[in-house]
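Colleague: In full-length UniProt numbering, the protein residues as written are 1 to 429.
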């Protein structure tokens with residue numbers, strides 16, 4: 001590896017956390033896709049029933065971020081984050097054992113229960129993985145460390161999504177492969193978490209507010225009045241809204257607009273994850289450890305440029321006798337333009353997200369750091385739901401998918417302009 005932070009992958013200060021979060025993100029998506037593939041191809045009796053289960057699954061995985069992020073942040077500020085990571089990974093091992101029975105029995109209730117548990121697992125690990133970095137890395141290493149975490153997260157999502165679906169199979173179910181994969185990865189995550197160095201708390205006397213509603217509202221109110229963190233939280237949440245809308249419409253875009261086979265959808269899904277990962281690594285290299293938000297708005301405008309060109313390049317009324325294969329699709333000049341636009345759109349997203357997460361780690365009071373990250377996660381979940389509602393509204397208006405992308409690109413450009421002063425005035429930390 002040629003980028004400056006590669007040495008962190010050889011350090012016990014970073015490698016155990018890196019592996020633990022990679023395995024966790026992988027398993028979240030591997031189990032979810034194994035479950036949804038099993039339901040879609042072997043359990044559901046109709047496409048409507050399958051779509052209903054998919055919607056329920058998405059909600060069950062997201063709801064814990066609303067309900068328990070406040071509690072997760074408090075616990076991560078009160079206790080040793082390394083020990084909490086081990087506890088969360090033990091929960092994952094238990095969940096994968098339950099999930100094994102769910103997949104073997106093809107029991108939808110148990111699958112949904114396991115997925116909800118994985119949502120809780122991610123909710124409690126989220127504040128740990130970012131809040132612990134300043135405990136183990138020097139400030140000049142934080143940007144590089146965060147870029148590695150962010151890049152590996154999206155690669156884990158890609159690998160987990162792909163392997164989770166493939167281990168089930170579309171012709172005859174093979175839950176044994178999915179069970180073996182997810183259980184192995186859960187145990188690997190637990191093993192790596194044991195080696196995370198201690199991160200002793202600064203506020204061990206903190207009293208946990210177990211009233212999740214009250215704690216959540218208080219943390220959101222505190223963020224709304226904290227002008228140091230609010231612009232970063234808003235921009236990160238906007239990133240997740242963008243991702244939600246794009247990934248929600250991507251299957252239909254490849255099917256109905258590009259008239260392409262599922263392999264083309266898989267190709268674009270890979271481009272999305274790899275593009276964000278490349279952008280994340282690149283910004284860590286380009287900024288050379290400097291923590292600054294002055295380049296975030298320009299990167300957002302770059303994203304809008306490629307989003308607008310994606311709209312312009314998208315075919316308006318393509319007529320084909322049958323859906324195009326990946327090879328046929330890539331043999332056309334305009335398809336290469338669409339591919340480049342989508343990939344560079346994703347790279348731009350990776351470029352602007354990493355400095356924001358790094359900034360949150362540095363600017364947060366060390367006694368409140370995990371709660372600040374948890375509050376960010378609450379807003380992320382809220383924006384993701386807004387993104388889903390936005391898609392449903394545009395569908396109601398009978399808006400074409402390329403037009404959805406255009407509107408998204410324009411809104412993103414307006415957001416970049418609106419946040420230009422709040423983000424760039426911060427300077428370099």
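Positions of the beta carbon are idealized from the N, C-alpha and C atoms, including for glycine.
DSSP beta-bridge partners for residue 260?
Modeller: 324
Colleague: Quick check: what's the CA-CA separation for residue 84 versus residue 196?
Modeller: 11 Å
Colleague: Would you give the residue range spanned by the alpha helix (DSSP H) that residue 422 belongs to?
Modeller: For residue 422, the enclosing alpha helix (DSSP H) covers residues 401–424.
Colleague: Kindly provide the ranges of any alpha helix (DSSP H) runs that are 4 or more residues long and lie completely inside the stretch 49–87, ordered along the chain.
Modeller: none
Colleague: Using the rule of at least 16 other Cβ atoms within 10 Å of the residue's Cβ for burial, across every protein chain shown, is residue 18 buried or exposed?
Modeller: buried
Colleague: Expressed to the nearest angstrom, what Euclidean distance is found between the alpha-carbon atoms of residue 20 and residue 120?
Modeller: 16 Å
Colleague: Check whether the stretch 350–370 and the stretch 133–143 are in contact - that is, three or more C-beta pairs closer than 8 Å.
Modeller: yes
Colleague: From 148, 417, 53, 377, pick the residue whose C-alpha is nearest to that of residue 6; which is it?
Modeller: 148
Colleague: If contacts are defined as beta-carbon pairs under 8 Å, then residue 244 and residue 388 qualify, I think. What distance do you get, rounded to the angstrom?
Modeller: 6 Å
Colleague: With DSSP collapsed to three states, give me the class of residue 225.
Modeller: In this structure, residue 225 counts as coil in the three-state DSSP scheme.
Colleague: Grab the span of the alpha helix (DSSP H) containing residue 435 for me, first residue to last.
Modeller: Any property of residue 435 remains undetermined from this structure, which presents the chain solely from 1 to 429.
Colleague: For residue 333, which three-state DSSP category applies?
Modeller: helix
Colleague: Name the two residues that bound the continuous alpha helix (DSSP H) containing residue 288.
Modeller: No alpha helix (DSSP H) contains residue 288, which DSSP labels as neither H nor E.
Colleague: Would you kindly work out how many angstroms separate the C-alpha atoms of residue 380 and residue 129, rounded to a whole number?
Modeller: The alpha-carbon atoms of residue 380 and residue 129 are separated by roughly 16 Å.
Colleague: Quick check: what's the CA-CA separation for residue 289 versus residue 125?
Modeller: 25 Å
Colleague: Please report the distance separating the alpha-carbon of residue 403 from that of residue 12.
Modeller: 48 Å
Colleague: Whose C-alpha, out of 296, 264, 271, 49, is nearest the C-alpha of residue 283?
Modeller: 296
Colleague: Taking C-alpha atoms, which residue in 385, 383, 15, 300 lies nearest to residue 344?
Modeller: 300
Colleague: Could you tell me the distance, in whole angstroms, from the CA atom of residue 199 to the CA atom of residue 81?
Modeller: 5 Å
Colleague: Here's the rule: buried if 16 or more other CB atoms are within 10 angstroms of the residue's CB, otherwise exposed. What is residue 246?
Modeller: buried
Colleague: Using CA coordinates, which residue listed in 189, 110, 91 is at the minimum distance from residue 15?
Modeller: Nearest C-alpha to residue 15: 189.
Colleague: Considering only the alpha carbon of each residue, which of 25, 382, 408 lies closest to residue 394?
Modeller: 408
Colleague: Please state whether DSSP places residue 174 in a helix, a strand or coil.
Modeller: coil
Colleague: Which of the three DSSP states is assigned to residue 366 in this structure?
Modeller: coil
Colleague: Short check: CB of residue 98 to CB of residue 110, under 8 Å?
Modeller: Between residue 98 and residue 110, the C-beta spacing is below 8 Å.
Colleague: Would you mind stating whether residue 294 and residue 424 have Cβ atoms separated by less than 8 Å?
Modeller: yes
Colleague: Going by beta carbon distance, what residues of the same chain come within less than 7 Å of residue 306, once the five residues before and after it are set aside?
Modeller: 341, 344, 345, 348
Colleague: Give the C-beta separation of residue 240 and residue 384 to the nearest angstrom, bearing in mind that I take them to be a contact with Cβ-Cβ under 8 Å.
Modeller: 5 Å
Colleague: Would the beta-carbon of residue 339 fall within 8 Å of that of residue 271?
Modeller: yes
Colleague: How about residue 164 and residue 34: do their beta carbons lie closer than 8 Å?
Modeller: yes
Colleague: Give the straight-line distance between the Cα atoms of residue 221 and residue 67, rounded to the nearest whole angstrom.
Modeller: 16 Å
Colleague: Decide if residue 412 is buried, meaning its Cβ has at least 16 other Cβ atoms within 10 Å, or exposed.
Modeller: buried
Colleague: CA-CA distance, residue 44 and residue 107?
Modeller: 11 Å
Colleague: How about residue 76 and residue 370: do their beta carbons lie closer than 8 Å?
Modeller: yes
Colleague: Report the residue from 71, 96, 322, 323 whose alpha carbon sits nearest the alpha carbon of residue 209.
Modeller: Comparing Cα-Cα distances from residue 209 to each of 71, 96, 322, 323, the minimum goes to 71.
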